[in-house]
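Chains C and G supply the protein sequences, listed in that same order. The first sequence begins at 206 in our numbering and counts up one residue at a time. The second sequence begins at 2 in our numbering and counts up one residue at a time. See below for the structure under consideration.
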Amino acid sequence: MKQEYSIQLIRKELLGETCAVLTFACPEIADTAKPGQFVNLSCAYFLKRPFGIMSVDREAKTFSVGVRKVGKGTEKIIAAKEGEQFTVLGPLGNGFCFDGVKKLLLVGGGTGIFPIFFTAQYARENGIPCEVVNGYRCKQDSFLYDQFACSCENFHVTTDAGDLGIKGNVMAYLESMNESELEGTTVMVVGPGIMMRKVSEWATVHGLTCFVSLEQRMACGIGACLVCVCKIKAEQEGKEFVHKRCCKDGPVFRAEEVIW
Amino acid sequence: MSISVKVGQVNLKNPIILASGTCGFGRELAEYMDLSKLGALSSKGLTLLPRDGNQGVRVAETPSGMLNCVGLQNPGVDAFLATELDYMVESGAGVVVNVAGHSNEDYISMVEKLDPYKDKIDALELNFSCPNVKEGCMVIGSSPKAIEALVSDLRKRTDLPLWVKLTPNVTSIAETAKGAEAGGADAIVAINTMLGMAIDIRTRRPLLHNNTGGLSGPCVKPVALRMVHDIYDAVNIPVVGCGGVSTYEDVLEFMIAGASAVELGTITLVHPTRPVEIVSDLEKYCEMNNIEELSSLTGTLELWR
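Below you can see the structure in the form of structure tokens.
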């Protein structure tokens, strides 16, 4: 039976002024989490807050999440001190499917870069050739740059400001890629909606399988309350869309299913 | 020592019922608890035809609670009968089926579709109180006369216990409860969510894309408790208390105020194992306080003069 776990914050690393990586001791999540899954983490307010899992350490029995301050709840979570207790539900959601994946192109933007890190970690551990493209606003905002650079051989960065990597957004890099190097690639993208939409359109043009990880305001995170739905193309004739639950049916969906 | 309760003719092994709209048909929460330990489970509100619900943002957090505007997303009564009812029955919890219509005719059609399954259903919960749909529901539930007329019509069409779930968004919930009783309801369930709003000060737009939503959670408990007290005083049929129940002490408060059982749900969205923890807390409470029958607490409130 699944449980709500009481967990301790064992390490907090601030990333710039608005982000932090929080590491918690939790064997159950460390042992079972898959890339693309998330946890629902308590904060000082009523509802829990969902965060994509950034990494797990199966030996130390810990997992980490990246948090960006976007409201009062995330502000409280980032302000927590090492040793503080939280409660958590997880791992939640479906996660990415790696069945039949020969090589990967991972695209991250915003807080989506955190779950992309876990996905890259998984690819490395499972011998799946993997290329990563992260889009940042500027060099100062390029959190996890060093961690990606030293763990991924094939790592690229774009910045809106142009002060690190290629100037522009992730599309600037993707559009520079050769058709021949794309063959057989599966694309996984986590980031702002507009970015995921553009990348999935690009993947369609090139005939690539593409998965996206959708985000919506959530409550329970376990599929019971139906507040976090997203629009997915309906299979039934005459019907445009169905509402699927981001938390339980997703957050990962095949890009071609999504109505943006 | 017993924590079993009766709501009219409906026997429940304990007073804990998962509230409609917070537990689907039980499948998701079954991963976190043994549903057979619950008194009952009230299904997601069903409509005659499938509904997609409202689009866009459906939730906003509030102090000690939340607003939602899901808008009765559900597979429709036919799909429920085909794929969900047996699951609820086999879960071992009591089965309450929540029925939400857009019109009197919708309620009539659904009750007629559900009546043949009376062996599998413990009670029908008539949802006259969803604040997130434009027709039916809360519109009917705001008028004691409209409630009485519809309940008395439905009463003729089924022997299943009819529980009427009332909205707090009225001047006097005692009056709407009396309407339900006059129509032949077997019990009153109170309260559904309170209509509320939240605004993004940067965009000057409502946070919810339906503009308004239903408020639930611990923040509504004092209002719900007062309303259960008012209803208990006003009618002679049992009351099922609902609104912000989060601990066994909350259950006891509602029972003392007059509730025969309680529904809870918003707390389950935060702590999914809480309902079964409350069941075992109630057992401990009865043992420690030498209470033979938990049901003996119902309506034992003594007011200050």
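The beta-carbon is built from N, C-alpha and C at its ideal position, and this holds for glycine as well. Bear in mind that the values here come from a model prediction, so they are computed numbers and not experimental data.
1) Using 8 Å as the cut-off, can you tell me whether the segment 439-456 of chain C makes contact with the segment 284-293 of chain C, which would need three or more C-beta pairs spanning the two stretches below that distance?
2) Do you know whose CA, among C/Ile234, C/Gly276, C/Asp368, lies nearest C/Gly257's CA?
3) How about G/Leu155 and G/Tyr108: are their beta carbons less than 8 Å apart?
4) To which residues of the same chain is C/Phe251 closer than 6 Å at the C-beta, ignoring the five residues directly before and after it?
5) In chain C, which residues lie less than 7 Å from G/Cys24 when you measure between Cβ atoms?
6) Can you tell me where the alpha helix (DSSP H) with C/Gly515 in it begins and where it stops?
7) Interface residues of chain C around G/Thr274 at Cβ under 8 Å?
8) With a threshold of 8 Å between beta carbons, is G/Leu216 in contact with chain C?
9) Determine, using beta carbons only, whether C/Lys307 comes closer than 8 Å to chain G.
10) List, in chain order, every chain C residue whose beta-carbon is nearer than 8 Å to that of G/Val134.
11) With 8 Å as the threshold, decide whether the Cβ of C/His448 is near any Cβ in chain G.
12) Alpha carbon to alpha carbon, how far is G/Lys135 from G/His103?
13) Which bits of chain C does G/Gln74 rub up against, with CB to CB less than 8 Å?
14) For the alpha helix (DSSP H) containing C/Ile258, name the first residue and the last one.
15) Would you say the beta carbon of C/Thr364 comes nearer than 7 Å to a heavy atom of the ligand FAD?
16) Looking only at its own chain, which residues have a Cβ that is under 8 Å from the Cβ of C/Ala377, when we skip the five neighbours before and after it?
17) Give the range of the alpha helix (DSSP H) segment to which G/Gly197 is assigned.
18) By DSSP, does C/Gly288 sit in helix, in strand, or in coil?
19) Under 8 Å, do G/Leu36 and G/Gly77 count as touching if we go by C-beta distance?
20) So what does G/Met67 bridge to, in DSSP terms?
21) Counting only the same chain and skipping the five closest in sequence on each side, list residues whose C-beta sits under 6 Å from that of G/Ile257.
22) Return the residues of the segment 228-254 of chain G that lie within a Cβ-Cβ distance of less than 7 Å from chain C, sorted by chain order.
23) Can you list the residues of chain G that C/Tyr250 reaches, using a CB-CB cut of under 7 Å?
24) What distance in whole Å lies between the Cβ atoms of G/Thr267 and G/Arg275, which are believed to be in contact at a cut-off of 8 Å?
25) Assuming G/Ser247 is part of the beta strand (DSSP E), what are its boundary residues?
26) Within the same chain, show all residues whose beta-carbon is closer than 7 Å to that of G/Gly218, passing over the 5 residues directly before and after it, in chain order.
27) Do you know whose CA, among G/Ser44, G/Lys166, G/Ser110, G/Leu226, lies nearest G/Asp87's CA?
28) Who are the neighbours of C/Lys253 on chain G, taking C-beta pairs under 8 Å?
29) Tell me the DSSP bridge mates of C/Met393?
30) Does the beta carbon of C/Ala424 come closer than 8 Å to any beta carbon on chain G?
31) Assuming G/Leu339 contacts G/Leu127 (C-beta within less than 8 Å), just tell me the rounded distance between them.
32) Who are the Cβ neighbours of G/Phe81 in its own chain at under 6 Å, not counting the five residues just before and after it?
33) Hey, quick one: how far does the alpha helix (DSSP H) through C/Thr237 stretch, first residue to last?
34) Output the boundary residues of the beta strand (DSSP E) element that contains G/Asn105.
35) Give, in chain order, every residue of the segment 250-279 of chain C whose Cβ lies closer than 7 Å to some Cβ of chain G.
36) Can you list the residues of chain C that G/Tyr33 reaches, using a CB-CB cut of under 9 Å?
Inspection of the coordinates gives the following:
1) Short answer: they don't touch.
2) Residue 257 of chain C sits at position 52 when you count from the first residue of the first sequence. Measuring from the Cα of C/Gly257, the nearest candidate turns out to be C/Ile234.
3) As a working mapping, residue 155 of chain G is identified with position 154 in the second sequence. As a working mapping, residue 108 of chain G is identified with position 107 in the second sequence. With contacts defined as CB atoms closer than 8 Å, G/Leu155 and G/Tyr108 qualify as a contacting pair.
4) Taking the first residue of the first sequence as 1, we reach residue 251 of chain C at position 46. Here the set comprises nothing.
5) Taking the first residue of the second sequence as position 1, residue 24 of chain G is located at position 23. Chain C residues near G/Cys24: Ala429.
6) Because chain C here runs from 206 to 465, residue 515 of chain C falls outside it and cannot be looked at.
7) Your numbering for residue 274 of chain G matches position 273 in the second sequence. Those within 8 Å of G/Thr274 in chain C are Gln208, Glu209.
8) As a first step, residue 216 of chain G is located in the second sequence; it is residue number 215 there, counting from the start. Output row for G/Leu216: interface = no.
9) Translated into positions along the first sequence, residue 307 of chain C becomes position 102. Using beta-carbon distances, C/Lys307 does not count as an interface residue toward chain G, since no partner is under 8 Å.
10) Taking the second sequence and counting its residues from 1, one reaches residue 134 of chain G at position 133. Neighbours of G/Val134 across chain C, judged by C-beta separation under 8 Å, do not exist; the nearest C-beta is about 14 Å away.
11) Here the question's residue 448 of chain C lines up with position 243 in the first sequence. In terms of beta-carbon proximity, C/His448 lines the interface with chain G, with at least one pair separated by less than 8 Å.
12) Within the second sequence, the letter at position 134 stands for residue 135 of chain G. Within the second sequence, the letter at position 102 stands for residue 103 of chain G. Approximately 8 Å, taken between the alpha carbons.
13) For this step, residue 74 of chain G is matched to residue 73 along the second sequence. Among the residues of chain C, those whose CB is under 8 Å from the CB of G/Gln74 are Leu431, Val434, His448, following chain order.
14) For the purposes of this step, residue 258 of chain C is taken as the residue at position 53 of the first sequence. Not the alpha helix (DSSP H): C/Ile258 falls in the beta strand (DSSP E), residues 254-262.
15) For the ligand FAD, the structure offers nothing, since it holds no ligand at all.
16) Here residue 377 of chain C refers to the residue found at position 172 when the first sequence is read from its first residue. In the same chain as C/Ala377, and ignoring 5 residues on each side of it, the C-beta atoms closer than 8 Å to its own belong to Thr363, Ile371, in chain order.
17) In the second sequence, the residue the question calls residue 197 of chain G occupies position 196. G/Gly197 -> not in any alpha helix (DSSP H); beta strand (DSSP E) instead, spanning 195-197.
18) For the purposes of this step, residue 288 of chain C is taken as the residue at position 83 of the first sequence. The answer is coil: DSSP assigns C/Gly288 none of H, G, I, E or B.
19) As a first step, residue 36 of chain G must be located in the second sequence, where it is residue number 35. As a first step, residue 77 of chain G must be located in the second sequence, where it is residue number 76. In this structure, G/Leu36 lies away from G/Gly77, with their beta-carbon atoms at least 8 Å apart.
20) Residue numbering aside, residue 67 of chain G sits at position 66 when the second sequence is read from its first letter. For G/Met67, the beta-bridge partners assigned by DSSP are G/Glu62, G/Ser217.
21) As a working note, residue 257 of chain G is residue 256 in the second sequence. Result list for G/Ile257: Leu298, Thr301, Leu302, in chain order.
22) Going along the segment 228-254 of chain G in chain order, one finds no residue with a Cβ nearer than 7 Å to chain C.
23) Within the first sequence, numbered from 1, the residue matching residue 250 of chain C stands at position 45. Ordered by position in chain G, the residues that pass the 7 Å Cβ test against C/Tyr250 are Glu62.
24) Numbered from its first residue, the second sequence carries residue 275 of chain G at position 274. Numbered from its first residue, the second sequence carries residue 267 of chain G at position 266. The pair is not a contact, with the Cβ atoms about 10 Å apart (cut-off 8 Å).
25) Your numbering for residue 247 of chain G matches position 246 in the second sequence. Run containing G/Ser247: none; DSSP gives neither H nor E here.
26) As a working note, residue 218 of chain G is residue 217 in the second sequence. Closer than 7 Å at Cβ, skipping near neighbours: Ser65, Gly66, Met67, Gly245, Thr267.
27) Walking along the second sequence from the start, residue 87 of chain G turns up at place 86. Of the candidates G/Ser44, G/Lys166, G/Ser110, G/Leu226, G/Ser44 places its Cα closest to the Cα of G/Asp87.
28) Within the first sequence, the letter at position 48 stands for residue 253 of chain C. Result: Val271.
29) Taking the first residue of the first sequence as 1, we reach residue 393 of chain C at position 188. C/Leu311, C/Phe416, per the DSSP bridge assignment.
30) The residue given as residue 424 of chain C occupies position 219 in the first sequence. Interface residue, yes.
31) Chain G is shown only over 2 to 306; residue 339 of chain G falls outside these bounds and no answer can be derived.
32) Residue mapping note: residue 81 of chain G aligns to position 80 of the second sequence, counting from 1. Taken in chain order, the residues that qualify are Leu47.
33) Mapped onto the first sequence, residue 237 of chain C falls at position 32. Looking at the DSSP string, the run of the alpha helix (DSSP H) that includes C/Thr237 is 232-237.
34) The residue labelled residue 105 of chain G in the question sits at position 104 within the second sequence. Where G/Asn105 is concerned, there is no enclosing beta strand (DSSP E), although the alpha helix (DSSP H) it sits in stretches over 105-115.
35) Closer than 7 Å at the C-beta level to chain G, one finds these residues of the segment 250-279 of chain C: Tyr250, Phe251, Leu252, Lys253.
36) To locate residue 33 of chain G, count along the second sequence from 1; it is residue 32. Neighbours of G/Tyr33 across chain C, judged by C-beta separation under 9 Å: Met206, Lys207, Gln208, Glu209, Leu294, Ile427.
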